[in-house]
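Below is one structure, written out as structure tokens, with a few remarks after it.
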Amino acid sequence: GQSLEQPSEVTAVEGAIVQINCTYQTSGFYGLSWYQQHDGGAPTFLSYNALDGLEETGRFSSFLSRSDSYGYLLLQELQMKDSASYFCAVREGGTGRRALTFGSGTRLQVQP
Amino acid sequence: GAVVSQHPSRVICKSGTSVKIECRSLDFQATTMFWYRQFPKKSLMLMATSNEGSKATYEQGVEKDKFLINHASLTLSTLTVTSAHPEDSSFYICSARDRVGGYTFGSGTRLTVV
Chain A
183 GQSLEQPSEV
193 TAVEGAIVQI
203 NCTYQTSGFY
213 GLSWYQQHDG
223 GAPTFLSYNA
233 LDGLEETGRF
243 SSFLSRSDSY
253 GYLLLQELQM
263 KDSASYFCAV
273 REGGTGRRAL
283 TFGSGTRLQV
293 QP
Chain B
107 GAVVSQHPSR
117 VICKSGTSVK
127 IECRSLDFQA
137 TTMFWYRQFP
147 KKSLMLMATS
157 NEGSKATYEQ
167 GVEKDKFLIN
177 HASLTLSTLT
187 VTSAHPEDSS
197 FYICSARDRV
207 GGYTFGSGTR
217 LTVV
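In the order they appear, the protein sequences are chains A and B. Position one of the first sequence corresponds to residue 183 (the working numbering), numbered consecutively onward. Position one of the second sequence corresponds to residue 107 (the working numbering), numbered consecutively onward.
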């Protein structure tokens, strides 16, 4: 089975930088993904790490350390619209017909 | 990019009735569709995996007779909540893997059972 742990809530101000951590335990590992979800909406893909290191996509970056079973999402130059829930997710091993398992989610509140 | 169209977006039904939720892959063939349920302020929990032309695989604790899944074609999967009760009120989301291996999500269905 899989389990992923994230902080439940994070608060930051506009323009700041925030880091959301994720630790995971999996029976097989095929990369760590990050998704953003606004209230009432569907998850939208942000970033994916298959290998150790940092992936940068605009204001968002994601880091992975497979030896530590740990990753984080870094959000820079925070904007009010970044207020949302953020989920880390892993895919079960095996064939391509495997669903994502999501972490518990981190609710980010950006304040003026 | 790949699109999964999910309908309805919101539905209110009476206890004891059944509700059908549809997910269609618009520009790719989805041989597998994943169905999730999400309670307020909680994570997405996988309910079942539907496979085109074969029986769905249900996660532990999910009643297959209550949540009927049909995947009759390569572009359509349906979830029917039978004999709905207020505790079935939730946000239901489907997801499929697209041509390049990413996961595409439907827009979700907010089910309220009164």
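Backbone N, C-alpha and C define an ideal beta-carbon position, used for all residues, glycine too.
Check	Outcome
Test item: CB-CB of Lys126(B) and Thr186(B) under 8 Å	yes
Sheet register partners of Lys209(B) (DSSP bridge)	The sequence shown places Tyr at residue 209(B), rather than the Lys named in the question. Paired residues: Arg203(B).
Nearest-angstrom Cβ-Cβ length linking Leu246(A) and Trp216(A), presumed shorter than 8 Å	No, Leu246(A) and Trp216(A) are not in contact; Cβ-Cβ is about 10 Å, not under 8 Å.
Delimiting residues of the beta strand (DSSP E) encompassing Gly266(A)	Per the sequence shown, the amino acid found at residue 266(A) is Ala instead of Gly. Where Ala266(A) is concerned, the enclosing beta strand (DSSP E) stretches over Ala266 to Arg273.
Residue-chain proximity (Tyr164(B), chain A), Cβ-Cβ < 8 Å	no
Where the beta strand (DSSP E) through Leu228(A) begins and ends	Thr226 to Asn231
Stretch-stretch touch, CB-based, cutoff 8 Å, three pairs: the region 255-268 of chain A with the region 280-290 of chain A	yes
Chain A contact residues for Gly122(B), given Cβ-Cβ distances below 7 Å	The contacting residues do not exist; Gly122(B) stays about 26 Å from chain A at best.
CB contact check: Leu282(A) to chain B, cutoff 8 Å	yes
Integer Cβ distance of Phe211(B) from Val110(B), believed to fall under 8 Å	6 Å
Residue-level contact to chain A via CB, Gly208(B), 8 Å cutoff	yes
Any beta strand (DSSP E) of 3 or more consecutive residues that is wholly inside the region 136-190 of chain B	138-144, 150-157, 173-179 and 182-187
Proximity winner among Tyr164(B), Thr138(B), Ser115(B) and Ser121(B), relative to His191(B) (alpha-carbon distances)	Ser121(B)
Proximity below 8 Å, CB of Gly285(A) to CB of Ser183(B)	no
Cutoff 7 Å; reference Cys119(B); Cβ partners in own chain excluding five residues on either side	Val125, Ala190 and Val219
Glu128(B) (DSSP reduced to helix, strand or coil)	strand
Segment contact flag, the region 249-264 of chain A with the region 198-205 of chain A, C-beta cutoff 8 Å, min 3 pairs	yes
Selection from Gly223(A), Ser251(A), Ala194(A) and Gly213(A) that minimises the alpha carbon distance to Gln261(A)	Ala194(A)
Host beta strand (DSSP E) of Ile199(A) (start-end)	Element bounds for Ile199(A): n/a, residue is neither H nor E.
Any C-beta of chain A under 8 Å from that of Leu150(B)	yes
Interface flag, Gly167(B) vs chain A, CB-CB below 8 Å	no
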